[in-house]
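J.:
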Amino acid sequence: MEKQIEQELLPEKIEAEVVTIEVTDVKTGKVYKREVPLFYKENDNGIILCGEDSRGQKSEIVFLSDVAIEKMMNFMGKGPDYSHHDHSEHDHSEQDHPEYVL
9 MEKQIEQELL PEKIEAEVVT IEVTDVKTGK VYKREVPLFY KENDNGIILC
59 GEDSRGQKSE IVFLSDVAIE KMMNFMGKGP DYSHHDHSEH DHSEQDHPEY
109 VL
């Protein structure tokens with residue numbers, strides 16, 4: 009229930025210019041926090057982290073959400089085989105679109 013309430017309160021997008029990373033060392037169990045100068049952007053499609061590599065060139069890491077991956081798969085024709093709209097109320101006969109007749 010707590011996760012559901014947290015999800016409902018999230019804004020459409022979250023942006024930050026500094027990211028705080030918290031890690032727990034596997035050997036000692038000690039927790040470390042570091043502030044890192046990364047641009048952070050999150051929305052329904054996933055998370056983007058932007059920064060610079062060792063040469064000062066822009067570098068990005070993108071973590072796609074399940075929703076974004078499904079959209080991409082459907083766009084590439086690799087999604088599930090189902091229609092996105094109901095054809096039962098009309099048909100697509102040649103009379104409807106005579107310009108498409110070969």
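Count along the sequence shown from 1, add 8, and you get the number used in the numbering used here. Backbone N, C-alpha and C fix where the C-beta goes; we use that ideal spot for every residue, glycine too.
Rounded to whole angstroms, what is the Cα-Cα separation between Arg42 and Ile29?
T.: C-alpha separation (whole angstroms): 5 Å.
J.: Work out the CA separation of Asp74 and Lys38 for me, nearest whole Å.
T.: Distance between the alpha carbons of Lys38 and Asp74 is about 32 Å.
J.: So Lys79 and Asn51 are in contact, right, with Cβ under 8 Å, and what is the actual spacing, rounded?
T.: About 13 Å; that fails the 8 Å criterion.
J.: Mapping DSSP to helix, strand and coil, what is Leu72?
T.: Strand.
J.: Report the residue from Phe47, Tyr40 and Leu17 whose alpha carbon sits nearest the alpha carbon of Val26.
T.: Answer by Cα proximity: Phe47.
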